[in-house]
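Each residue of the sequence shown is one higher than the one before, starting from 26 at the first, in my numbering.
Think of the CB as a built atom: it goes at the ideal place given N, C-alpha and C, for glycine as much as any other residue.
Below is one structure, written out as structure tokens; the observations come after it.
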Amino acid sequence: MMSKLVLGMVGFGVVGSSVLKAILANGEIINARAGKQIVLKSIVVRDKKKAEKKLAELNVIDTNANITLSTNVDDILQDSEIDVVIELMGGVEFAYTIAQRALKAKKAFITANKAMLAYHRSDIAPLANGLPVGFEASVCGGIPIIRVLKDGLSANHILGIRGILNGTSNYILTQMQQFGKNFATALKEAQNLGYAEADPSLDINGGDAGHKLLILASLAYGIHAMPEDILIEGIADITPDDMEFANEFGYVIKLLGIAKKQDDEVELRVHPSMIKKESMISKVDGVMNGISVIGDYVGESMYYGAGAGGEATASSVISDIVAIARGESAAMLGFSRPLEEGKLRLKDKEKIHSRYYIRLYVRDKPGVLGEVAQILGRHNISIGAFLQKETDEKNIATMLFSTHHCYEREINHALCELEQIDSITQKPFKMRLEDEYE
């Protein structure tokens, strides 16, 4: 008789229902791989009637699954038969409370909650005290990037990570780049198709990608930074003018999560970037995700797949269930043991060294370009490429530049000075040009 691994799940939305669907549809192969019978005993929900309707749609009654619905999380946390608590409800503090209570009750814990892990990942490992904690589903849905960093690349110093970590933003930018749509139109289309929430702010302002990058950085570098500690910028200010410049000079624009190790510092940032059209990651379009990882021994490896959606995320949740059933999943939300020497620290945002793209709306009159170039020169910024075009507004022109490498503090000071001069009619806009890893 095969022994059982009994699960309790908190949350029964898109991901939770997909987890159950997969267990019902592929139970035989899941159990064979796990070496145990996977049994979902209880689900905690907000609305029992709504959950009962979902269970009926999944024909749970006909499968004799005997799943109990509850609105009280204690029914799972205090059930001695339940071995694993799966948190799929979202939010930060209450989800963390569930993690704490599950681990104190000596139950393994699985979550898909990147926001909670962004703030509390360093708190969870000590609580686990050897108990398994699975979080594969927290970053990039169906791409097994957590296991890659924990296990597959463990022989390597991770020199760099570049990732398209948010499918909503990637869809919007793809529509703008390939079909000439403006941001508002592309966002509305994403919402109509179900790719963007009614309130899309966490996706389009870079916050979601920032949470995911911090989780990856913990595994790659043992860095336990908070979202407020790193540079995070979104895509809402990108215009068709920016797309035109990118296309003219052989770039595409992507919202990237970037990590770079340089000596004893790690650079972490999320922002829209211009990247060369021929790079592998530039070809990741639509709602898909892609992550490039550079290891000192393995070189560059690329991971591509669905970054969100119920079934892709459920696939990762079940991979954690199987790992726990096999006894393979330790907590490890950073390094299992701190480095005795050479501990890495987070690089100051102002010390980021990059090439930049600048967009200026200026009064169309003689001498403006010289005035702009003079200000940039005072801040040690030299111009790489330049494009000027007329606008629909009379006597207003658009100036689009790329620069050579300079520091973040220099470009910020220069743009502040440019904003003060009478020739500039709108706040200057900047974007980084992301080179291939050097």
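By DSSP, does residue i sit in helix, in strand, or in coil?
| i | result |
| --- | --- |
| Glu463 | For Glu463, the predicted structure reports a pLDDT of 49, less than 50, and the residue's modelled location is therefore unreliable. A value from the coordinates is still provided. Three-state DSSP puts Glu463 in coil, outside helix and strand. |
| Arg457 | strand |
| Lys129 | helix |
| Tyr246 | helix |
| Phe37 | coil |
| Asn314 | strand |
| Ala331 | strand |
| Phe204 | helix |
| Tyr276 | strand |
| Ile255 | coil |
| Gln103 | coil |
| Val110 | strand |
| Ser340 | helix |
| Tyr322 | coil |
| Gln216 | helix |
| Cys431 | strand |
| Ser95 | strand |
| Phe119 | helix |
| Leu30 | strand |
| Thr136 | strand |
| Val44 | helix |
| Glu415 | strand |
| Val158 | strand |
| Leu281 | strand |
| Ile260 | coil |
| Lys452 | coil |
| Ala223 | coil |
| Asp447 | coil |
| Ile408 | strand |
| Arg172 | helix |
Could you check whether residue j and residue i sit closer than 7 Å to each other, using their CB atoms as the reference points?
| i | j | result |
| --- | --- | --- |
| Pro151 | Ala133 | no |
| His378 | His430 | yes |
| Ile123 | Glu112 | yes |
| Leu80 | Leu32 | no |
| Tyr386 | Gln451 | yes |
| Gly311 | Tyr196 | yes |
| Glu325 | Ile319 | yes |
| Asp266 | Thr423 | yes |
| Ile343 | Ala47 | yes |
| Phe119 | Ile68 | no |
| Ile186 | Asn314 | no |
| Ile433 | Glu375 | Note that residue 433 is Glu in the sequence shown here, rather than Ile. Against a cut-off of 7 Å, the Cβ pair of Glu375 and Glu433 comes out as a contact. |
| Ile229 | Ala271 | no |
| Asp137 | Thr264 | Correcting the residue identity first, residue 137 is Ala in this sequence and not Asp. Not a contact, by the Cβ cut-off of 7 Å. |
| Leu468 | Lys301 | Since the displayed the chain opens at 26 and closes at 463, residue 468 lies outside it and no answer follows. |
| Gly384 | Thr428 | The residue you asked about is not Gly; residue 384 is Arg in the sequence shown. Not closer than 7 Å, so no. |
| Asp345 | Gly231 | no |
| Leu293 | Arg146 | no |
| Gly335 | Ile168 | no |
| Ser341 | Glu161 | yes |
| Ile349 | Val291 | no |
| Leu94 | Val70 | yes |
| Phe274 | Ala398 | no |
| Ala211 | Gln200 | yes |
| Ile480 | Leu227 | One cannot answer for residue 480 here, as it falls past the ends of the chain, which runs 26 to 463. |
| Leu443 | Leu425 | no |
| Asp323 | Asn181 | The amino acid occupying residue 323 in the given sequence is Val; Asp does not appear at that position. The answer is yes: Cβ separation under 7 Å. |
Just to confirm the assignment, what range does the alpha helix (DSSP H) spanning residue i have?
| i | result |
| --- | --- |
| Tyr144 | 139-153 |
| Gly185 | Taken as a continuous stretch (DSSP letters only), Gly185 belongs to no alpha helix (DSSP H), being part of the beta strand (DSSP E) at 183-189. |
| Gly177 | No alpha helix (DSSP H) contains Gly177, which DSSP labels as neither H nor E. |
| Gly231 | Note, Gly231: premise wrong, no alpha helix (DSSP H); not H, not E. |
| Ala57 | 52-59 |
| Leu369 | Neither: Leu369 is in no alpha helix (DSSP H) and is coded neither H nor E. |
| Ala81 | 73-82 |
Looking at chain B, is there any beta carbon in it that lies within less than 7 Å of the beta carbon of residue i?
| i | result |
| --- | --- |
| Met27 | As a matter of chain content, chain B is missing from the structure shown, which is built from one protein chain. |
Which two residues bound the contiguous beta strand (DSSP E) that contains residue i?
| i | result |
| --- | --- |
| His296 | 290-301 |
| Thr428 | 421-428 |
| Val69 | 62-69 |
| Gly402 | It is not in any beta strand (DSSP E) - Gly402 instead sits in the alpha helix (DSSP H) that spans 393-403. |
| Ser379 | 378-388 |
Got a sec: does the ligand SAM put a non-hydrogen atom nearer than 6 Å to the Cβ of residue i?
| i | result |
| --- | --- |
| Ala215 | Looking at this structure, you won't find the ligand SAM or any other ligand, since it has none at all. |
### Query
Is the region 253-272 touching the region 232-239 in the sense that three or more CB pairs, one from each, lie closer than 8 Å?
yes
#### Entry: Stretch pair the region 438-458 + the region 398-415: three plus CB contacts closer than 8 Å
yes
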